[in-house]
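Report on one structure; see the data block that follows.
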Amino acid sequence: MSVSVQTRVRPQAVAAPPIRPGQRRARLMLGATRWLFVAPATLFVAIFFGYPVVKNIVMSFQDYTTKTFFTGEAPWVGFANYAATFSSAVFATSVINTALFTAGSIVMQFVIGLGLALFFRRNFPLSGFLRGLLLLPWLLPLIASSAVWKWLLDQDSGALNQFLGIFGVPAIPWLVSPSLALIAVIGVNIWLGIPFNTTILYSGLQSVPQELYEAAALDGAVGIKAFRYITWPSIRSVVSVVVILGVVYTLKVVDIILGLTGGGPANSTQTLATNAYHQSFINFQFGIGAAVSNVLIVVSFVFAMIYLAMTRKAVDE
Amino acid sequence: MKPRFPEHRRTRRFRTLVGAVAVLAAVPLALTACSGSGGSSSGSAKSLTIEDYYAASYNPIYQQCAKTVGATVTINHVAGAGLIAKVLQQASSRTLPDVLMLDNPDVQQIAASGALAPLDDYGLTADGLVPAVKAANTYKGKLYGLQPVTNSIALYYNKKLLAAAGVTPPKTWDELKAAAKKLTQGKTYGFAMSNINTYEGTWQFLPFFWSNGGDEKNIATSGAAQALQFDLDLQNDGSMSKSSINWAQADVNSQFIAGKAAMMINGPWQLPLLNAAKGLDFSSVPIPTRTGEPTVAPLGGEAFTIPQTKDAAKMKLAAKFVGCLNAEKMQSTVAGITGNVPTNITAADAWATTHPQVASFVTTVKTARARTGELGPDWPKAATKIYTAVQLALTGKASPQAALQQAQSQNQ
């Protein structure tokens, strides 16, 4: 984070002496210099973040098709794209699935991630090696891991069902049953998200001073109590970062779902992100695709606002 | 100290806001594709740029025609899934190649954008080619693409497994159903096809759908329902794995090679893999129809088009080049390298006699139908409806009739 930069710059600005009329030029220069420092960041944000968002919003009000790319003509259609989006049956399914997918993934990723982070805090032989191994899902290309999972979860010849078969469990249609597919996809996404959660939470745990635990132990706070009164309050800011980032990352997941089920069977794993991808890059309805992804942006924005509110509260305290 | 605090908070808020915008910017999906180097349009009319999603094995074909028309060629192979995105990007930056290969159902879509030149202007026609080629590549009465070779799908069968079960290759649905049931033993399913929720699933279901009178303008008809019921029956009989709704055509092929399916629907592009499989003795027949009448299967294969590059001399040379690729003799060369079927009817017939492995595809291609023949650029919507209906029916979410109605009325 750039906190240190800010604290270094600020005193300088405040410490500037009152300016006399003869120093107007110098003051102008100082103002210009300040803006010059801001300019690179502003330009970067405007070009790489501002422009795509604005373009996406404009696109959602246009009939933007393959033709547009050649002719440059994109007739203005008002809210027609949004009307088409909201009235489609797939949209309602997508919203529900997105909510289930995100909530399910985040809760489980966090719980397992925190458990593992706590576990790895006790240094034991090979703990470093195991912690490195834990990063594996994160290091694999998503398309590769989803292809492997697709094979593992196959109903007839998948490794998981073969294994369960040893215990007499009948073949489970993981990816082909509309009621199970979403659960299977969430499961794979949890597997993928655990390294992120574990790593960040582990580093958060490392920063909790050991003396606190020693002092608490004297007062009789050990085990669950130590976690409740020392660990949790100390890593709360890390937790909020992990959860909010997790939500934003999970909302936009496309590759895993496309790799595993392609949104199927019968749209049962279709989320807002896969829906937007499908509209834009398969049906070539870029306007409708933009409308769907704007809904996604609004949802992400809400979470970003929650994050802001939380961090501000933390500062006030 | 006091006045500093609110100010500090404001800058902090601004900073986090910028951060939030940064996070949000990662979300929108409708972004321009990664930029790549476009073909340069400068140079004399002696050089051509070609763009396709084939492998390097196609290069000798291009070199041969380059020699014929007296040009040098720069070949650019793009990954299959990325071609359309690349073409759209090139269309907006006016850097389209001189010769562009497109999957045939995409030709009308791109032609509708105005990015392609009509081939009629250069005296190229689809005369003598299987009729579906003209239908697939004609937009508003003008021809925009030519396919030297094409493909379709047929019913492959494992000779050993059929002989062991005493089954002859089926010609009708009843025969197929009975054969599949009889061939289903232990870990082997009698029949496999792809019913996946992509255009591949639609493509594989089309022979049943079209041959039984189904039509993409309105998919909720009794003929279509009958076809979908047949597909469902195969699954309900246990003759087809329930996983077929998540299998791409390559997965179906793997099942067949592994001996886990005795019959499968697939195309001639699988022949190299099938021939390489040790101990696999296979053959193919056209896909059975309900009454035993000729199959109406979808026309596959890619077309060569000439993008509007504003360089008249180059476009003329490109037309010559496409004409060379499409010449009867050249078609056989291309077919030999790619394993596909020549589109020229006489060349195709000759090819069938010398290449028995593709004979069933030659038969199928002659009566094949172009996916975009009826709806043109609106085909993707219909294709989505068709696979949606298949998925709804096979997952048991709706009866075939209800699934088709639901998909037809669905606002995609």
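Chain order of the listed sequences is A and G. So the first sequence is numbered by the working numbering: it starts at 1 and just counts up by one. So the second sequence is numbered by the working numbering: it starts at 1001 and just counts up by one. Glycine included, C-beta positions come from ideal geometry on N, C-alpha and C.
Do Ala1312 of chain G and Leu1162 of chain G have their C-beta atoms closer together than 8 Å?
-> One-based indexing of the second sequence puts residue 1312 of chain G at position 312. One-based indexing of the second sequence puts residue 1162 of chain G at position 162. Cβ atoms of Ala1312 of chain G and Leu1162 of chain G: not closer than 8 Å.
Cutoff 8 Å: Asn1246 of chain G Cβ touching any chain A Cβ = Within the second sequence, residue 1246 of chain G is the residue found at index 246, counting from 1. So yes, Asn1246 of chain G belongs to the interface.
Let me know if Asp1098 of chain G comes out buried or exposed under the rule of 16 or more other beta-carbons within 10 Å of its beta-carbon.
-> Sequence index remark: in the second sequence, residue 1098 of chain G carries index 98 (1-based). Per the 10 Å Cβ criterion, buried.
Gly1201 of chain G, buried or exposed, once every other Cβ within 10 Å from all chains shown has been counted against 16 | Numbered from its first residue, the second sequence carries residue 1201 of chain G at position 201. The residue is buried, with at least 16 neighbouring Cβ atoms inside 10 Å.
Rounded separation between Pro1286 of chain G and Leu245 of chain A - CA only | For the purposes of this step, residue 1286 of chain G is taken as residue 286 along the second sequence, with counting starting at 1. For the purposes of this step, residue 245 of chain A is taken as residue 245 along the first sequence, with counting starting at 1. Between Pro1286 of chain G and Leu245 of chain A, the C-alpha separation is close to 53 Å.
Could you name the residues of the region 163 to 195 of chain A whose beta carbon sits closer than 8 Å to any beta carbon of chain G, in the order they occur along the chain?
-> Pro173, Leu175, Val176, Ser177, Pro178
Nearest neighbour of Ile256 of chain A, chosen from A:Ser280, A:Val222, A:Thr271 [CA to CA] = Position 256 of the first sequence, counted from the first residue, corresponds to residue 256 of chain A. The shortest Cα separation from Ile256 of chain A among A:Ser280, A:Val222, A:Thr271 belongs to A:Thr271.
Residues in its own chain within less than 6 Å of Ser88 of chain A by CB, not counting five upstream and five downstream?
-> The sequence position of residue 88 of chain A within the first sequence is 88, counting from 1. So no residue of the chain qualifies.
Residues that Ser1113 of chain G contacts on chain A, provided the C-beta gap is smaller than 9 Å = The count along the second sequence starts at 1 and reaches residue 1113 of chain G at position 113. Ordered by position in chain A, the residues that pass the 9 Å Cβ test against Ser1113 of chain G are Thr65, Thr66, Lys67, Thr68, Phe69, Phe70, Thr71.
Hey, which unbroken runs of the alpha helix (DSSP H) at 4 residues or more fall wholly within the region 111 to 140 of chain A?
-> 127 to 134, 136 to 139
Just reading off the alpha helix (DSSP H) that Thr1388 of chain G is part of, what are its end residues?
-> Position 388 of the second sequence, counting from 1, holds the residue named residue 1388 of chain G. Taken as a continuous stretch (DSSP letters only), the alpha helix (DSSP H) holding Thr1388 of chain G covers 1379 to 1394.
Could you tell me which residues DSSP puts in a beta bridge with Asp1052 of chain G?
-> Residue 1052 of chain G sits at position 52 when you count from the first residue of the second sequence. According to DSSP, which records beta bridges pairwise, Asp1052 of chain G is partnered with G:His1077.
Residues that DSSP places opposite Ala1192 of chain G in a beta bridge = Sequence index remark: in the second sequence, residue 1192 of chain G carries index 192 (1-based). G:Met1264, per the DSSP bridge assignment.
At which residue ranges does the region 1058 to 1127 of chain G contain complete alpha helix (DSSP H) runs of 4 or more residues, listed in the order of the chain?
-> If we require 4 residues or more, the alpha helix (DSSP H) runs fully inside the region 1058 to 1127 of chain G come out as 1059 to 1069, 1083 to 1092, 1104 to 1112.
Contact between the region 208 to 223 of chain A and the region 124 to 143 of chain A (3+ Cβ pairs under 8 Å) | no
Using the C-alpha atoms, what's the distance from Phe48 of chain A back to Thr1221 of chain G?
-> Stepping through the second sequence from its first residue, residue 1221 of chain G is reached at position 221. Stepping through the first sequence from its first residue, residue 48 of chain A is reached at position 48. C-alpha separation (whole angstroms): 49 Å.
Go ahead and pull the three-state DSSP assignment for Phe284 of chain A.
-> Numbered from 1 along the first sequence, position 284 holds the residue referred to as residue 284 of chain A. If DSSP states are grouped into helix, strand and coil, Phe284 of chain A belongs with coil.
Given Tyr213 of chain A, which residues of its chain have a CB within under 7 Å of its CB, disregarding the five upstream and five downstream residues?
-> One-based indexing of the first sequence puts residue 213 of chain A at position 213. Only Ala226, Ile230 meet the Cβ criterion.
Using a Cβ-Cβ cut-off of less than 8 Å, give me the residues of the region 251 to 271 of chain A that come near chain G, in sequence order.
-> Leu251, Lys252, Val254, Thr261, Gly262, Gly263, Gly264, Pro265, Ala266, Asn267, Ser268
Which residues does DSSP pair with Pro1342 of chain G in a beta bridge?
-> Here the question's residue 1342 of chain G lines up with position 342 in the second sequence. DSSP lists G:Val1149 as partners of Pro1342 of chain G.
Beta-carbon proximity check, Ser293 of chain A vs Asn81 of chain A, cutoff 8 Å | The residue labelled residue 293 of chain A in the question sits at position 293 within the first sequence. The residue labelled residue 81 of chain A in the question sits at position 81 within the first sequence. Cβ atoms of Ser293 of chain A and Asn81 of chain A: not closer than 8 Å.
So does the region 1250 to 1261 of chain G actually touch the region 1179 to 1189 of chain G, counting three or more Cβ pairs closer than 8 Å?
-> yes
Tell me whether the beta-carbon of Asn1151 of chain G lies closer than 8 Å to the beta-carbon of Val1341 of chain G.
-> Reading the second sequence from its first residue, position 151 is the one you call residue 1151 of chain G. Reading the second sequence from its first residue, position 341 is the one you call residue 1341 of chain G. For Asn1151 of chain G and Val1341 of chain G, yes; Cβs fall inside 8 Å.
Whose Cβ in chain A lies nearer than 8 Å to the Cβ of Ile1253 of chain G?
-> Along the second sequence, read from residue 1 onward, the residue named residue 1253 of chain G stands at position 253. The question names Ile, but residue 1253 of chain G is Asn in the sequence shown. Here the premise fails: no neighbours, minimum Cβ distance about 15 Å.
Give the straight-line distance between the Cα atoms of Tyr1144 of chain G and Ala1112 of chain G, rounded to the nearest whole angstrom.
-> Residue mapping note: residue 1144 of chain G aligns to position 144 of the second sequence, counting from 1. Residue mapping note: residue 1112 of chain G aligns to position 112 of the second sequence, counting from 1. Going from the Cα of Tyr1144 of chain G to the Cα of Ala1112 of chain G covers about 10 Å.
Check whether Thr1295 of chain G and Ser1211 of chain G have beta carbons under 8 Å apart | As a working note, residue 1295 of chain G is residue 295 in the second sequence. As a working note, residue 1211 of chain G is residue 211 in the second sequence. Contact: yes.
Buried or exposed: where does Phe30 of chain A fall if 16 or more other Cβ atoms within 10 Å of its Cβ makes it buried?
-> Translated into the one-based positions of the first sequence, residue 30 of chain A becomes position 30. Before going on, a small fix: residue 30 of chain A reads as Leu here, not Phe. Answer is exposed; the Cβ neighbour count stays below 16.
Give the straight-line distance between the Cα atoms of Val38 of chain A and Gln1089 of chain G, rounded to the nearest whole angstrom.
-> Looking up residue 38 of chain A in the first sequence gives position 38. Looking up residue 1089 of chain G in the second sequence gives position 89. Going from the Cα of Val38 of chain A to the Cα of Gln1089 of chain G covers about 33 Å.
Out of G:Trp1269, G:Ser1332, G:Tyr1199, state which residue places its alpha-carbon closest to the alpha-carbon of Ala1248 of chain G.
-> As a working mapping, residue 1248 of chain G is identified with position 248 in the second sequence. Closest option to Ala1248 of chain G, Cα to Cα, is G:Tyr1199.
For Asn56 of chain A, name the three-state secondary structure that DSSP assigns.
-> Mapped onto the first sequence, residue 56 of chain A falls at position 56. It is helical.
Verify the CB distance criterion: does Ala217 of chain A have a CB-CB separation below 8 Å to chain G?
-> As a working note, residue 217 of chain A is residue 217 in the first sequence. By this cut-off, Ala217 of chain A is not an interface position.
Along the region 1223 to 1244 of chain G, what residues have a CB closer than 7 Å to any CB found in chain A?
-> Ser1241, Lys1242, Ser1243
Along chain A, which residues have their Cβ under 7 Å away from the Cβ of Lys1397 of chain G?
-> Mapped onto the second sequence, residue 1397 of chain G falls at position 397. By Cβ distance, chain A contributes Pro178, Ala266.
So, are the CB atoms of Thr1119 of chain G and Leu1146 of chain G less than 8 Å apart?
-> As a working mapping, residue 1119 of chain G is identified with position 119 in the second sequence. As a working mapping, residue 1146 of chain G is identified with position 146 in the second sequence. The residue you asked about is not Thr; residue 1119 of chain G is Leu in the sequence shown. Yes, these two residues count as a Cβ contact at 8 Å.
If we ignore side chains and look at the alpha-carbon of each, how far apart do Thr1032 of chain G and Trp232 of chain A end up?
-> As a first step, residue 1032 of chain G is located in the second sequence; it is residue number 32 there, counting from the start. As a first step, residue 232 of chain A is located in the first sequence; it is residue number 232 there, counting from the start. Here Thr1032 of chain G scores only 38 on pLDDT, less than 50, and its place in the model should not be relied on; the value that follows carries that caveat. So the two alpha carbons sit approximately 43 Å from each other.
Where do the ends of the beta strand (DSSP E) carrying Thr199 of chain A lie?
-> To locate residue 199 of chain A, count along the first sequence from 1; it is residue 199. Where Thr199 of chain A is concerned, there is no enclosing beta strand (DSSP E), although the alpha helix (DSSP H) it sits in stretches over 178 to 206.
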